[in-house]
Amino acid sequence: MDFENMNPVKNPKESRSNGLSYQQLLDTDSREVPDVLRMQSSRDLPFVRVPIDRYTSQAFHDLEFEKIWKKVWQFACREEQIPEVGDHQIYDIGKLSILIVRGQDAIIRAFHNTCLHRGRALKDRPGRSLQLQCPFHGWTWNLDGSLKQIPCRWDFDHVKNEKTSLTEIKVGTWGGFVFINPDPNAEAFEDYIGDLPSHFERWPLEERYIAAHVGRIMECNWKVAQEGFMEAYHVASTHPQMLSAIGDANSQYDAWDHFSRAITANMTPSPHLRKKPSEQEQLDAMMGVSLDGKPSMTVPEQRTARQTLGQLSRMQLQGLVPSVQDLSDAELSDSIYYTLFPNFHPWGAYNRITYRFRPLGNSPNQSLMEVFYLAPFRGKRPDPHPFQLLNAHASWTEAPQLGSLAKVFDQDTLNMAAVQKGLHAAGHQEVTFSQYQETKIRHFHSLLDQYVKS
Ligand code: FES
Ligand SMILES: [Fe+2]
Numbered sequence: 521m522d523f524e525n526m527n528p529v530k531n532p533k534e535s536r537s538n539g540l541s542y543q544q545l546l547d548t549d550s551r552e553v554p555d556v557l558r559m560q561s562s563r564d565l566p567f568v569r570v571p572i573d574r575y576t577s578q579a580f581h582d583l584e585f586e587k588i589w590k591k592v593w594q595f596a597c598r599e600e601q602i603p604e605v606g607d608h609q610i611y612d613i614g615k616l617s618i619l620i621v622r623g624q625d626a627i628i629r630a631f632h633n634t635c636l637h638r639g640r641a642l643k644d645r646p647g648r649s650l651q652l653q654c655p656f657h658g659w660t661w662n663l664d665g666s667l668k669q670i671p672c673r674w675d676f677d678h679v680k681n682e683k684t685s686l687t688e689i690k691v692g693t694w695g696g697f698v699f700i701n702p703d704p705n706a707e708a709f710e711d712y713i714g715d716l717p718s719h720f721e722r723w724p725l726e727e728r729y730i731a732a733h734v735g736r737i738m739e740c741n742w743k744v745a746q747e748g749f750m751e752a753y754h755v756a757s758t759h760p761q762m763l764s765a766i767g768d769a770n771s772q773y774d775a776w777d778h779f780s781r782a783i784t785a786n787m788t789p790s791p792h793l794r795k796k797p798s799e800q801e802q803l804d805a806m807m808g809v810s811l812d813g814k815p816s817m818t819v820p821e822q823r824t825a826r827q828t829l830g831q832l833s834r835m836q837l838q839g840l841v842p843s844v845q846d847l848s849d850a851e852l853s854d855s856i857y858y859t860l861f862p863n864f865h866p867w868g869a870y871n872r873i874t875y876r877f878r879p880l881g882n883s884p885n886q887s888l889m890e891v892f893y894l895a896p897f898r899g900k901r902p903d904p905h906p907f908q909l910l911n912a913h914a915s916w917t918e919a920p921q922l923g924s925l926a927k928v929f930d931q932d933t934l935n936m937a938a939v940q941k942g943l944h945a946a947g948h949q950e951v952t953f954s955q956y957q958e959t960k961i962r963h964f965h966s967l968l969d970q971y972v973k974s
């Protein structure tokens, strides 16, 4: 095939880059490709521009808190982080603090992390306890939220046990993730996530464990941070070292109801390159950014770099993943990055990444980015890797459990505070998105707009 001149422009709305489209690349796979990767779902999305103050103003930040964070289903923790009776995690979002607890009946419940006496936060940190006792005066609840005891009960005759249960918050689970929704009138979780579980049927995330969990404070709005991970348009400028082994501008972007997807092929060259790199050059470029620091190797005669990496990954996943020989090169090589509105980013197939982004405290200018590596395992589930929090000036390489990808995150992070600075300094009113490559961001903003205007 002519490397330079695939996919000529038909009309501006359907403009695509030169080079192999993702679907054309799938035609070259050494295995049968699953239907989920053959799906394409484009939508008419309303915004190619949004006002800058959506990233900078306290008023918009406060509106998001009321209209989004208090209303949507959001990823709070992994089930594996609360495996035993009495295990609890705390999920803070803006002013809200939510306690997620495994009960005596093994059911996961969530409560406002607030004592019903004079309001102290019930728990300060994750842990395990067979009752929920406030440290201030000792009011105590059972794990199901029912009141257990009040010290000096004689002094609280006006407090009725049956009216003094902890305030419960809705919980949903999928893929080993626990979601909460603070809105008592929220739609059912299953309706909210829609078809997302069917996309992951071949790649069950509940059968993974937390091999790494690292957070970093970002000096930017939470949307600035997450939008840097929703497109491959920035690769050529921000990560030029990857171009020999990434089909950046040939990525496919799809949108459904509450979720969207991008697929960026690896082990295929960028259409930005003037000269097509050799198969060996592609493999070498990939090895430099590989998650696992895989050893360098030679592309055998009659094989492509993509097939070679696929075969290497099949060998590494042998015994960890069922039917590993049937997995396509695409599932073993490509970046398949989903976003469930508003802030949850699980990756498909056998890349281990899941991201979460959220505002930190009550500021439009600070956020928390978290990286989870969810890895398959054999036998007994390993304990989750402990959470590590990096400060706003740290390098991701201070978390060695992230492997060589930490250097790529550092490249991304360099942009973030500078974007926030630039947005505050702007002499114009709006940011501008591309028609196609920023589909996921435009899909996000169309949902954001619906929520804040509801
Ligand atoms: S504030 Fe919790 S027991 Fe008093
Ligand atoms: Fe990046």
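Numbered per my numbering, the sequence shown spans residues 521 to 974.
We treat Cβ as the ideally placed atom computed from N, Cα and C, and that holds for glycine.
These numbers were taken from a predicted model, which means no experiment stands behind them.
- If one requires a minimum length of 3 residues, the beta strand (DSSP E) runs lying completely within the region 747-779 are 772-775, in chain order.
- Taking C-alpha positions only, R876 is separated from S764 by approximately 29 Å.
- At a Cβ-Cβ threshold of 7 Å, E950 and R574 do not count as neighbours.
- A distance below 8 Å between beta-carbons, with the five flanking residues on each side excluded, links R898 to the following residues of its chain, in chain order: G839 and L840.
- Inclusion of A785 and A895 in the CB contact set at 7 Å is not warranted, their separation being larger than that value.
- The residues M889 and L910, in chain order, have a CB closer than 6 Å to that of R736 in the same chain once the five nearest residues on each side in sequence are set aside.
- Distances from the CA of E747 to each of C635, Q543, F864 and E682 were compared; the closest alpha carbon is that of F864.
- For the pair I572 and A946, the CB atoms are nearer than the 7 Å cut-off.
- Looking at the DSSP output, I627 shares a beta bridge with no other residue.
- Per DSSP, T952 lies in no alpha helix (DSSP H) segment; the continuous beta strand (DSSP E) that holds it begins and ends at E950 to T952.
- The residues P884, in chain order, have a CB closer than 7 Å to that of S577 in the same chain once the five nearest residues on each side in sequence are set aside.
- For F631, the distance from the CB to the nearest heavy atom of ligand 1 is not below 6 Å.
- For E890, the three-state secondary structure derived from DSSP is strand.
- Taking the C-beta atoms as reference points, A850 is found nearer than 7 Å to D549.
- Shortest gap from the CB of D903 to any heavy atom of ligand 2: 6 Å or more.
- Just measuring C-alpha positions, the residue of A752, V691, R826 and V734 sitting nearest W916 is V734.
- Look at H632 here: in three-state DSSP terms it is strand.
- Within the region 661-687, the complete beta strand (DSSP E) segments of 3 residues or longer fall at 667-669, listed in chain order.
- Set against 6 Å, the gap from the CB of D932 to the closest heavy atom of ligand 2 is smaller.
- Per DSSP, reduced to three states, the secondary structure at M738 is strand.
- Counting only the Cα atoms, N633 lies some 14 Å from T684.
- Take the alpha-carbon of E739 and the one of Q931: they are about 15 Å apart.
- At a cut-off of 6 Å, the beta-carbon of W589 does not count as near ligand 1: no heavy atom of the ligand is closer than that.
- When only Cα atoms are considered, F964 and P862 end up about 7 Å apart.
- As summarised for the region 539-571, the continuous beta strand (DSSP E) elements at least 3 residues long and confined to that stretch are 569-571, given in chain order.
- For R598, there is no enclosing alpha helix (DSSP H); the enclosing beta strand (DSSP E) covers residues Q594 to R598.
- Residue environment: W674 is assigned as exposed (fewer than 16 neighbouring CB atoms within 10 Å of its CB, all protein chains considered).
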